[in-house]
Amino acid sequence: MGHLDHATFGWLTPVLSYAMASIGAALGLRCTVRALGTTGKSRRNWLITAASAIGSGIWTMHFVAMLGFGVTGTEIRYNVPLTILSLMVAMVVVGAGVFAVGYGRDRGRALALGGLTTGLGVASMHYLGMAALRLHGDVRYDPVLVGLSVVIAVVAATAALWAALNIKSPLAVAVASLVMGGAVTSMHYTGMLAVSVRVTEAGASLPGATTMQFIFPLAVGLGSYLFLTSAFVALSPTAGERQASVSAQLPVEGAAQ
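Here it is, written out as structure tokens:
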């Protein structure tokens, strides 16, 4: 059996992965709160932004953590199409969960459906990302720990969506995002604890891309997207601020007439 190291760079990758998960969660929750205060195309656009933020944050968390993953006796590469597919699945399935909450009339049912869908999306992204792994050996999973990781993902997603429905203040959203970031990171490392690798003799060179050739540049790109989108959301006025601005201008316009 090959020795697995989940932190070849020490605490750097676990801390960075937690930060990315928390930033994605904070942005996604904030966008969902904005969406629930609007209607029509504006609600749809906010929900799309929320889904892309949560999906990007979760994917970036996973692969930043994987930058610190190593197995003695073999190099590691990634299948590029499967890795891209894992990102698409994260965004689409998380989007389905967010839209269920954003447009559901029965909030209890919408929360249950949205939490289950989003949690399964998180787990699907994780295990698709692991399926993209290429190394000299056989990868096996402990089914009990795999099941536990899926349960953690569903509970974390449901709690996050509940926060989006019931918490409005930026401070409370920030606290909720830190909790969700911790839960998603815990799901990742629980899933990684389920992994064991039986290393075989190196034969032909491994197909796919190394982490520095593909994963690192894409993670940096998505991280930049999250930071820029966070700045945009922070600077854009809320529905209440827009209404207050309109109300403040009405007396002035009436006096001018």
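The opening position of the sequence shown corresponds to residue 517 in our numbering, with each subsequent residue numbered one higher. By construction, the Cβ of each residue, glycine as well, lies at the ideal position given by its N, Cα and C atoms.
When beta bridges are read from the DSSP output, Ser712 appears opposite Arg656. Restricting attention to Leu677, Met641, Leu649, the CA atom closest to the CA of Ser665 is found in Met641. Residues Leu545, Ala676, Ala679, Ile683 of the same chain have their beta carbon placed closer than 7 angstroms to that of Ala692, with the five preceding and five following residues left out of the count.
At a Cβ-Cβ threshold of 7 angstroms, Ala581 and Thr633 do not count as neighbours.
Linking Leu651 to Thr590 through their CA atoms gives a straight-line distance of about 6 angstroms. Put simply, of Thr674, Ala542, Trp527, Met696 the residue whose alpha carbon is nearest the alpha carbon of Leu687 is Ala542. Its chain contains Leu681 as the residues whose beta carbon lies nearer than 7 angstroms to that of Arg623, once the 5 sequence neighbours on both sides are disregarded; these appear in chain order.
In chain order, Ile539, Leu543 place their CB closer than 7 angstroms to the CB of Ser746, counting only its own chain and leaving out the 5 sequence neighbours on each side. Under the three-state reduction of DSSP, Leu520 is assigned to strand. Distance from the CA atom of Phe732 to the CA atom of Val605, rounded to whole angstroms, is 19 angstroms. Residue burial annotation: Met696 is buried, with at least 16 other C-beta atoms found within 10 angstroms of its C-beta. With fewer than 16 other Cβ atoms inside 10 Å of its own Cβ, Val531 counts as exposed.
For Ser602, the CB contacts under 6 angstroms within the same chain, skipping 5 residues up- and downstream, are Met641, Leu644, Gly645 in chain order. In the structure shown, Arg546 adopts helical secondary structure according to DSSP, grouped into three states. Under DSSP, the beta-bridge partners assigned to Thr590 are Val587. In the structure shown, Arg621 adopts coil according to DSSP, grouped into three states. Counting the other CB atoms within 10 Å of its CB gives Ser752 a total below 16, which places it among the exposed residues. The residue from Ala672, Met607, Val655 with its alpha-carbon nearest to that of Leu627 is Ala672.
Under the DSSP assignment, Leu651 falls in the beta strand (DSSP E) whose first and last residues are 649-651. Within a 10 Å sphere around the beta-carbon of Tyr534 sit 16 or more other beta-carbons, which makes this residue buried.
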